[in-house]
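Undergrad: For the sequence shown, my numbering gives the first residue as 1, with consecutive numbering after it. The following block contains the structure, expressed as structure tokens.
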Amino acid sequence: MYGTHNGPTPSHRGKGPGRRRFLGLVATGVGAVGAAGIGELAFAADEVPVRTYHSQRGIDHQKWAVAKVLRSAEPAAVAAWITGTGAAPGELKAEMDAQVGALADAAAAGLGVARGSVVVSWMRAASVQRQIWDRKYDFLRTGSGGAGTFGIVTDDMRAKYRAQLGTDPQWDPDKDAHREVWAALTPDERQIEILRTSTAPGVSRHHLGSDADFFDTTPQNWADGGTEAADYAWLRANAAHYGFLQTYTAETAKASPAISEERWHWSYAPVSEAVLDYVRADESLIEGALDQLWSYDPARYTYIKAHWREYMFHVNEKAYFGG
Numbered sequence: 001m002y003g004t005h006n007g008p009t010p011s012h013r014g015k016g017p018g019r020r021r022f023l024g025l026v027a028t029g030v031g032a033v034g035a036a037g038i039g040e041l042a043f044a045a046d047e048v049p050v051r052t053y054h055s056q057r058g059i060d061h062q063k064w065a066v067a068k069v070l071r072s073a074e075p076a077a078v079a080a081w082i083t084g085t086g087a088a089p090g091e092l093k094a095e096m097d098a099q100v101g102a103l104a105d106a107a108a109a110g111l112g113v114a115r116g117s118v119v120v121s122w123m124r125a126a127s128v129q130r131q132i133w134d135r136k137y138d139f140l141r142t143g144s145g146g147a148g149t150f151g152i153v154t155d156d157m158r159a160k161y162r163a164q165l166g167t168d169p170q171w172d173p174d175k176d177a178h179r180e181v182w183a184a185l186t187p188d189e190r191q192i193e194i195l196r197t198s199t200a201p202g203v204s205r206h207h208l209g210s211d212a213d214f215f216d217t218t219p220q221n222w223a224d225g226g227t228e229a230a231d232y233a234w235l236r237a238n239a240a241h242y243g244f245l246q247t248y249t250a251e252t253a254k255a256s257p258a259i260s261e262e263r264w265h266w267s268y269a270p271v272s273e274a275v276l277d278y279v280r281a282d283e284s285l286i287e288g289a290l291d292q293l294w295s296y297d298p299a300r301y302t303y304i305k306a307h308w309r310e311y312m313f314h315v316n317e318k319a320y321f322g323g
């Protein structure tokens, strides 16, 4: 989701992909997927085969296989992986790496763009997510640990501070008027603003390795008719065939609380959905791991501590196969 890449992305229209793992078979997008529920596209002998999907049933079938891996693993190790302090169990990392790579290869080929421009943010450990969270919470200026504008200004906050915020779409720590507002916010209010587009350490789906941000993470660029409209249309038409779903949609954003729609954030569903089921079955295990992560300064996690379940569960759980 939105976090490490906050400013406009340079144009990625350029030379086609030049990676060794280029998949000529997927250059035509959906047409490369066979009629079976799950198929495989072979890489070189030293590579993990790529799974392709024809229906939600196929994704659910692989989710059950992932769930079996999770159930057989040590709970503390699974909790560490989910909250960003440990590695994925079993062979899940290799599977996720192959799927993200295959979707990126297909997107580069299908859209005629440079392969290196496709994935702009992927795996992030809890320590990295903490840095993102802290620099936003502390509203650090550029040059003092900050990274420029971030997130979106919520409607409630804009209505309350219209004179200072005006029509600015994002928070800007380099603007004195924004700094005036931020200084007046309570810890809970700061967290609510951050959480519209960036999760706290321990809660981010980027800890898993199943989720990646594609092309650009500037919200305005993904509006209908925006510069990323063609990329979004391609992802909508093709991502499900590699097992991916859009994590945060316009529909899920209607929940309260919830992350805003993110058309750039896509998740390999067999793993991320199995993780959600695992967390639902043992919330206390995850809560204990989160409390430990946030113990360095509990004051900046008051709101998310009370609402982490909503931010984790208020997500899309079905891939789009058209229709």
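For every residue, glycine included, the Cβ atom is placed at its ideal position computed from N, Cα and C.
1) State whether the stretch 291-298 contacts the stretch 221-234, with contact taken as three or more CB pairs (one from each stretch) at a distance under 8 angstroms.
2) Taking C-beta to C-beta, are A289 and G209 nearer than 8 angstroms?
3) Give the straight-line distance between the Cα atoms of G58 and T252, rounded to the nearest whole angstrom.
4) Would you call the CB atoms of L324 and A269 closer than 8 angstroms?
5) When DSSP labels each residue in this structure, what does T52 get in the three-state scheme?
6) Look at V153 and L140 and say whether their C-beta atoms are less than 8 angstroms apart.
7) Specify the secondary structure class of W122 as computed by DSSP and reduced to three states.
8) What ranges does the alpha helix (DSSP H) occupy inside the stretch 207-268, keeping only unbroken runs of at least 4 residues that lie completely in it?
9) Could one say the Cβ of T247 lies closer than 8 angstroms to chain B's Cβ atoms, at least one of them?
10) Buried or exposed: which applies to K68, given that a residue is buried once 16 or more other Cβ atoms fall within 10 Å of its Cβ?
11) For a quick check, are the C-beta atoms of V48 and A94 less than 8 angstroms apart?
12) Excluding the 5 residues flanking R190 on each side, which residues of the same chain have their C-beta closer than 6 angstroms to its C-beta?
13) Taking R135 as the reference, give the member of T167, S198, D156 with the closest Cα.
14) By DSSP's criteria, T85 is part of a beta bridge. Which residues make up the other side?
15) Pull up the CB-CB distance for L200 and W133, whole angstroms please, since I reckon it's below 8 angstroms.
16) Output the distance between the C-alpha atoms of Y381 and G101, rounded to the nearest integer angstrom.
17) Alpha carbon to alpha carbon, how far is D211 from R124?
18) Specify the secondary structure class of F313 as computed by DSSP and reduced to three states.
19) Apart from the five residues on each side of it in sequence, which residues of its chain come closer than 8 angstroms, Cβ to Cβ, to E283?
20) What residue does the alpha helix (DSSP H) around L165 start on, and which one ends it?
21) Residues in the same chain with beta-carbon distance under 8 angstroms from Q220, minus the five sequence neighbours each way, listed in chain order, please.
22) To which residues of the same chain is D174 closer than 6 angstroms at the C-beta, ignoring the five residues directly before and after it?
23) Could you say if the stretch 109-121 and the stretch 144-159 meet the contact criterion of at least three C-beta pairs nearer than 8 angstroms?
24) What residues in its chain sit with their C-beta under 6 angstroms from that of Y242, if we drop five residues either side in the sequence?
25) Would DSSP call G116 helix, strand or coil?
26) Which residue comes first and which comes last in the alpha helix (DSSP H) that contains V100?
27) The alpha helix (DSSP H) spanning Q191 covers which residue range?
28) Could you have a look at A183 and say whether DSSP puts it in helix, strand or coil?
29) Quick check on DSSP: helix, strand or coil for A319?
30) For T199, does the three-state DSSP call read helix, strand or coil?
31) What is the rounded straight-line gap between the Cα of T247 and the Cα of R263?
32) K254: buried (16+ other C-beta within 10 angstroms of its C-beta) or exposed?
33) Could you spell out the range, first to last residue, of the alpha helix (DSSP H) harbouring E283?
TA: Taking the structure as given:
1) no
2) Position 289 of the sequence shown, counted from the first residue, corresponds to residue 289. Position 209 of the sequence shown, counted from the first residue, corresponds to residue 209. Going by C-beta atoms, A289 is not nearer than 8 angstroms to G209.
3) Looking up residue 58 in the sequence shown gives position 58. Looking up residue 252 in the sequence shown gives position 252. Their backbone Cα atoms lie some 23 angstroms apart in a straight line.
4) Absent from the structure is residue 324, since the part of the chain shown begins at 1 and ends at 323.
5) Here residue 52 is taken as the residue at index 52 of the sequence shown, counted from 1. DSSP places T52 in strand when its eight states are reduced to three.
6) Reading the sequence shown from its first residue, position 153 is the one you call residue 153. Reading the sequence shown from its first residue, position 140 is the one you call residue 140. Contact flag unset, no.
7) Residue mapping note: residue 122 aligns to position 122 of the sequence shown, counting from 1. It is coil, neither helix nor strand.
8) 229-238
9) Annotation note: the requested chain B is absent from the structure, which comprises a single protein chain.
10) Numbered from its first residue, the sequence shown carries residue 68 at position 68. Counting Cβ neighbours within 10 Å, K68 comes out exposed, since fewer than 16 surround it.
11) Reading the sequence shown from its first residue, position 48 is the one you call residue 48. Reading the sequence shown from its first residue, position 94 is the one you call residue 94. Contact: yes.
12) Against the sequence shown, residue 190 aligns to sequence position 190. The residues are Y137.
13) In the sequence shown, residue 135 corresponds to position 135, counting from 1. The residue with the shortest Cα to Cα distance from R135 is S198.
14) Here residue 85 is taken as the residue at index 85 of the sequence shown, counted from 1. Answer is none; T85 lacks a bridge partner.
15) In the sequence shown, residue 200 corresponds to position 200, counting from 1. In the sequence shown, residue 133 corresponds to position 133, counting from 1. Here the sequence assigns Ala to residue 200, which means Leu is not the residue at that position. Correct: roughly 6 angstroms between the Cβ atoms.
16) Residue coverage of the chain in this structure runs from 1 to 323, which leaves residue 381 outside it and unanswerable.
17) The residue labelled residue 211 in the question sits at position 211 within the sequence shown. The residue labelled residue 124 in the question sits at position 124 within the sequence shown. Cα to Cα, D211 sits roughly 10 angstroms from R124.
18) Start at 1 with the first residue of the sequence shown, and residue 313 comes out as number 313. Helix.
19) Here residue 283 refers to the residue found at position 283 when the sequence shown is read from its first residue. The answer, listed in chain order, is R309.
20) The sequence position of residue 165 within the sequence shown is 165, counting from 1. Segment 162-165, the alpha helix (DSSP H) holding L165.
21) For the purposes of this step, residue 220 is taken as residue 220 along the sequence shown, with counting starting at 1. For Q220, where only same-chain residues beyond five positions count, the Cβ hits under 8 angstroms are P169, G226.
22) For this step, residue 174 is matched to residue 174 along the sequence shown. Cβ neighbours of D174 beyond the five flanking positions: R141, T142.
23) no
24) Mapped onto the sequence shown, residue 242 falls at position 242. So the list reads Q99, A102, L103, once near-sequence residues are dropped.
25) Position 116 of the sequence shown, counted from the start, is the residue given in the question as residue 116. Residue state, collapsed to three classes: helix.
26) By 1-based counting over the sequence shown, the position of residue 100 is 100. Counting along the chain, the alpha helix (DSSP H) containing V100 begins and ends at 92-111.
27) Residue mapping note: residue 191 aligns to position 191 of the sequence shown, counting from 1. It spans 187-195 - the alpha helix (DSSP H) in which Q191 sits, taken as one unbroken run.
28) The residue given as residue 183 occupies position 183 in the sequence shown. Three-state result, A183: helix.
29) The residue given as residue 319 occupies position 319 in the sequence shown. In this structure, A319 counts as coil in the three-state DSSP scheme.
30) Residue mapping note: residue 199 aligns to position 199 of the sequence shown, counting from 1. Reduced to three states, the DSSP call for T199 is coil.
31) As a position in the sequence shown, residue 247 is number 247, starting the count at 1. As a position in the sequence shown, residue 263 is number 263, starting the count at 1. If I take the Cα positions, the gap works out to 8 angstroms.
32) Sequence index remark: in the sequence shown, residue 254 carries index 254 (1-based). Exposed, since its Cβ has fewer than 16 Cβ neighbours within 10 Å.
33) Position 283 of the sequence shown, counted from the start, is the residue given in the question as residue 283. Per DSSP, E283 belongs to the alpha helix (DSSP H) from 283-293.
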